[in-house]
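Undergrad:
2 protein chains.
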Amino acid sequence: MIVEILCIGTELLSGITLNTNAYWLCSEITNVGGVVRRVTVVRDDLSEISSAARESLARKPNILITTGGLGATYDDITFEGLAAALGKKVVLDSRAVEMLKKSYARHKLHYELTESRLKMACIPEGSTPIQNPVGSAPAIMEQADSISIFCLPGVPSEMKTIFKEHILQRIKKSVGKFVAEELNYNTRGLTEAMIAPVLIEIVKSHPKNMIYLKTHPRGYYRKKTPQIKIQMISRGDNEKEVKNRLAAISKVIEKEIVKRGGIIC
Amino acid sequence: MIVEILCIGTELLSGITLNTNAYWLCSEITNVGGVVRRVTVVRDDLSEISSAARESLARKPNILITTGGLGATYDDITFEGLAAALGKKVVLDSRAVEMLKKSYARHKLHYELTESRLKMACIPEGSTPIQNPVGSAPAIMEQADSISIFCLPGVPSEMKTIFKEHILQRIKKSVGKFVAEELNYNTRGLTEAMIAPVLIEIVKSHPKNMIYLKTHPRGYYRKKTPQIKIQMISRGDNEKEVKNRLAAISKVIEKEIVKRGGIIC
Chain U
7 MIVEILCIGT ELLSGITLNT NAYWLCSEIT NVGGVVRRVT VVRDDLSEIS
57 SAARESLARK PNILITTGGL GATYDDITFE GLAAALGKKV VLDSRAVEML
107 KKSYARHKLH YELTESRLKM ACIPEGSTPI QNPVGSAPAI MEQADSISIF
157 CLPGVPSEMK TIFKEHILQR IKKSVGKFVA EELNYNTRGL TEAMIAPVLI
207 EIVKSHPKNM IYLKTHPRGY YRKKTPQIKI QMISRGDNEK EVKNRLAAIS
257 KVIEKEIVKR GGIIC
Chain E
7 MIVEILCIGT ELLSGITLNT NAYWLCSEIT NVGGVVRRVT VVRDDLSEIS
57 SAARESLARK PNILITTGGL GATYDDITFE GLAAALGKKV VLDSRAVEML
107 KKSYARHKLH YELTESRLKM ACIPEGSTPI QNPVGSAPAI MEQADSISIF
157 CLPGVPSEMK TIFKEHILQR IKKSVGKFVA EELNYNTRGL TEAMIAPVLI
207 EIVKSHPKNM IYLKTHPRGY YRKKTPQIKI QMISRGDNEK EVKNRLAAIS
257 KVIEKEIVKR GGIIC
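Quick mapping for you: the protein sequence lines, in order, are chains U and E. Here my numbering runs 6 ahead of the position in the first sequence, where the first position is 1. Here my numbering runs 6 ahead of the position in the second sequence, where the first position is 1.
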């Protein structure tokens with residue numbers, strides 16, 4: 007289950023907004039066994055959006071999720087960008103109009119459907135609108151050959167709700183049973199280079215994606231003694247196997263830490 | 007001055023690490039008048055890194071900055087990925103070896119130059135190593151036709167220091183004098199759609215990049231009255247003009263907020 011994420015928003019590339027949406031999505035997808043292969047962030051620019059979407063589709067992920075650019079303002083052009091990438095046009099969708107009305111009614115807002123508001127219901131031809139249960143702009147779902155495309159709003163609460171309701175189950179179902187166990191050692195007296203040969207041996211002796219080993223430098227203790235965190239994650243579809251694998255790996259690493267002059271704090 | 011950022015690290019796509027590096031770089035670059043056109047995040051995978059680098063180079067930014075993957079562990083393969091993208095190989099660079107030695111000496115560490123450590127000094131043929139003044143792994147600078155490529159470490163303190171010492175001035179010099187002024191209105195009683203036609207008119211009547219207008223939904227006051235933040239940024243090379251432009255725009259927007267039934271909080 008390979009997922010790509012395309013985040014759309016000039017604010018993300020101007021240092022105005024920290025991209026917590028991508029972080030949250032990566033975490034949710036990884037936690038159920040999906041693999042996020044790439045995150046791309048582009049500005050609110052039609053040709054940038056359409057090129058990035060086209061490139062992502064050419065890499066054939068199982069799912070492409072976009073965030074942002076679904077609103078009523080001039081720079082919300084995700085649907086136009088995606089439509090261009092798919093060689094389609096955007097059309098006013100009556101189901102999306104109804105969803106907009108429902109959203110306004112929820113807040114007891116009696117809004118006229120002005121041009122700016124109807125823009126939110128102009129979706130790529132043939133795509134399926136998704137009710138926004140938090141804000142107003144509908145999301146969409148679109149199928150391009152084997153790729154499922156979801157365009158989600160950029161507002162985190164809206165994005166999260168729609169992801170949980172419409173995408174998470176799909177990923178879970180496709181991945182099947184999935185468990186992950188994690189263990190971390192904070193060590194002193196070792197550098198990444200000192201433990202690197204051990205890690206590479208362990209990684210080489212396991213199938214890809216079953217284990218994840220990573221060292222994180224954590225500066226120097228009293229300006230002299232190097233500190234690193236060693237992170238170990240075991241993944242798979244059998245809980246017992248996953249746990250046993252993690253236990254076996256951590257035992258090897260514990261021994262090697264001591265052997266190489268390090269201590270676990 | 008168009009910049010692209012390529013962040014390398016499986017931890018960034020697994021929801022383990024929030025990509026604050028990209029956020030910080032975008033902010034620094036924007037603040038001196040540079041434009042970040044795209045951020046791409048890929049896993050520690052040779053073909054992913056080399057494809058992403060190749061694609062970025064084909065878009066011909068002025069500068070390509072990569073972060074992460076310079077360390078001593080098995081999954082630090084940024085140099086190999088970049089070299090593959092450039093049709094080069096990595097070679098042990100004697101200057102980089104000296105830099106490594108200098109870094110260890112700084113911490114009074116008497117390390118043997120093992121294979122794992124020397125890996126950090128194996129850089130793309132023809133590139134220039136850059137001393138890491140905080141950690142050990144050297145960064146590199148590489149010129150590919152008109153594109154300057156910088157590979158920076160993923161550890162934020164190391165990345166920031168090298169960026170400030172080697173890249174920031176280059177961007178500043180190329181951009182020339184640059185000022186930006188920002189003003190924000192928190193409003194109540196308006197939706198994005200209600201102010202959208204005003205924003206589009208203002209944006210249309212100014213050259214691209216001189217102004218940035220953006221509305222941010224801020225939920226509902228007492229569950230009923232919509233709240234939005236209107237963000238206005240004026241940019242240019244003349245302080246007086248930038249300020250006057252912002253003042254003129256904010257005056258128009260103030261009037262329109264009131265006219266459309268909103269208030270500024």
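Note that the Cβ used here is the ideal one computed from N, Cα and C, for glycine as well. In this text the structure is predicted, and so the values were computed from the model without any measurement.
Under 8 Å between the Cβ atoms of isoleucine 270 (chain E) and threonine 197 (chain E)?
TA: no
Undergrad: Apart from the five residues just before and just after isoleucine 255 (chain E), which ones in its own chain have a Cβ nearer than 8 Å to its Cβ?
TA: Ile208, Ile217, Leu219, Met238 and Ser240
Undergrad: I want to know whether the stretch 42–56 of chain U touches the stretch 74–88 of chain U - three or more CB-CB distances under 8 Å.
TA: With a cut-off of 8 Å, the stretch 74–88 of chain U and the stretch 42–56 of chain U count as touching, because enough Cβ pairs lie within range.
Undergrad: Going by DSSP, name the residue or residues bridged to glutamine 149 (chain E).
TA: E:Ser154
Undergrad: With a floor of 3 residues, list each beta strand (DSSP E) that falls wholly inside the stretch 155–194 of chain E, ordered by position along the chain.
TA: Within the stretch 155–194 of chain E, the complete beta strand (DSSP E) runs of at least 3 residues are 185–194.
Undergrad: Whole angstroms is fine: what's the gap from lysine 246 (chain U)'s alpha carbon to phenylalanine 184 (chain E)'s?
TA: 60 Å
Undergrad: Just curious, the alpha helix (DSSP H) that glycine 87 (chain U) is in, first and last residue?
TA: 84–92
Undergrad: I want to verify the contact list: residues of chain U whose CB lies under 8 Å from the CB of leucine 205 (chain E), in sequence order.
TA: Thr79 and Tyr80
Undergrad: Along the alpha helix (DSSP H) that carries tyrosine 117 (chain U), what are the first and last residues, could you check?
TA: Taken as a continuous stretch (DSSP letters only), tyrosine 117 (chain U) belongs to no alpha helix (DSSP H), as it is neither H nor E.
Undergrad: Whole-angstrom Cβ separation of valine 47 (chain U) and asparagine 68 (chain U), contact assumed at under 8 Å?
TA: Their Cβ separation, rounded to whole angstroms, is 21 Å, which puts valine 47 (chain U) and asparagine 68 (chain U) out of contact at 8 Å.
Undergrad: So which residues of chain E does tyrosine 226 (chain U) contact, with C-beta pairs closer than 7 Å?
TA: His113
Undergrad: Counting only C-beta atoms, is asparagine 138 (chain E) closer than 8 Å to chain U at any point?
TA: Chain U has no Cβ within less than 8 Å of the Cβ of asparagine 138 (chain E).
Undergrad: Cβ of serine 154 (chain E) less than 8 Å from any chain U Cβ?
TA: no
Undergrad: Which residue from U:Glu262, U:Lys125 and U:Val140 puts its Cα closest to that of proline 232 (chain E)?
TA: U:Val140
Undergrad: Which same chain residues end up closer than 6 Å to aspartate 99 (chain E) when comparing Cβ atoms and leaving out the 5 residues on each side of it in sequence?
TA: Taken in chain order, the residues that qualify are Ala127, Ile129 and Pro135.
Undergrad: Taking 8 Å as the threshold (beta carbon to beta carbon), is alanine 28 (chain U) in contact with chain E?
TA: yes
Undergrad: Is proline 144 (chain E) helix, strand or coil when you go by DSSP?
TA: coil
Undergrad: Compare the beta carbon distance of glycine 40 (chain U) and valine 9 (chain U) with 8 Å and say whether it is the shorter of the two.
TA: yes
Undergrad: Check the Cβ of arginine 128 (chain E) against every Cβ in chain U and list those closer than 9 Å, keeping chain order.
TA: The question names arginine, yet the displayed sequence has cysteine at residue 128 (chain E). The contacting residues do not exist; cysteine 128 (chain E) stays about 13 Å from chain U at best.
Undergrad: How many angstroms separate the CA atom of glycine 74 (chain U) from the CA atom of valine 161 (chain U)?
TA: C-alpha separation (whole angstroms): 7 Å.
Undergrad: What residues are listed by DSSP as bridge partners for glutamine 237 (chain U)?
TA: U:Asn190 and U:Lys220.
Undergrad: Quick check: the Cα distance between histidine 172 (chain E) and alanine 150 (chain E), rounded to an integer number of angstroms?
TA: 17 Å
Undergrad: Mapping DSSP to helix, strand and coil, what is glutamate 10 (chain U)?
TA: strand
Undergrad: Taking only beta-carbon positions, decide if asparagine 25 (chain U) is within less than 8 Å of chain E.
TA: yes
Undergrad: Does the beta carbon of serine 33 (chain U) come closer than 8 Å to any beta carbon on chain B?
TA: Considering every chain present, this structure includes no chain B. Its protein chains are U and E.
Undergrad: Can you pull the chain E neighbours of glutamate 245 (chain U), defined as C-beta to C-beta under 9 Å?
TA: Within chain E, no residue comes near glutamate 245 (chain U); the closest Cβ sits about 20 Å away, beyond 9 Å.
Undergrad: Here's the rule: buried if 16 or more other CB atoms are within 10 angstroms of the residue's CB, otherwise exposed. What is glutamate 121 (chain E)?
TA: By the 10 Å Cβ count, glutamate 121 (chain E) comes out exposed.
Undergrad: Count the other C-beta atoms from every protein chain shown that fall within 10 angstroms of the C-beta of valine 248 (chain E), then say buried if there are 16 or more, exposed otherwise.
TA: buried
Undergrad: Pick helix, strand or coil for tyrosine 226 (chain E), following the three-state DSSP scheme.
TA: strand
Undergrad: List, in chain order, every chain E residue whose beta-carbon is nearer than 9 Å to that of arginine 44 (chain U).
TA: Leu19, Thr46, Val47, Val48, Arg49, Glu54 and Ala58
Undergrad: Tell me whether glycine 213 (chain U) is buried or exposed, calling it buried when 16 or more other Cβ atoms sit within 10 Å of its Cβ.
TA: Note that residue 213 (chain U) corresponds to proline in the displayed sequence, not to glycine. When all chains shown are included, proline 213 (chain U) counts as exposed.
Undergrad: With distances taken from CA atoms, which of U:Val96, U:Val204, U:Pro223 and U:Cys13 is nearest arginine 43 (chain E)?
TA: U:Cys13
Undergrad: Go ahead and pull the three-state DSSP assignment for arginine 43 (chain E).
TA: strand
Undergrad: Let me know the secondary structure DSSP gives threonine 231 (chain E) once reduced to three states.
TA: strand
Undergrad: Please report whether the beta-carbon of lysine 183 (chain U) lies at a distance below 8 Å from any beta-carbon of chain E.
TA: no
Undergrad: Taking its Cβ as the centre, do 16 or more other Cβ atoms sit within 10 Å of valine 258 (chain U), making it buried, or is it exposed?
TA: exposed
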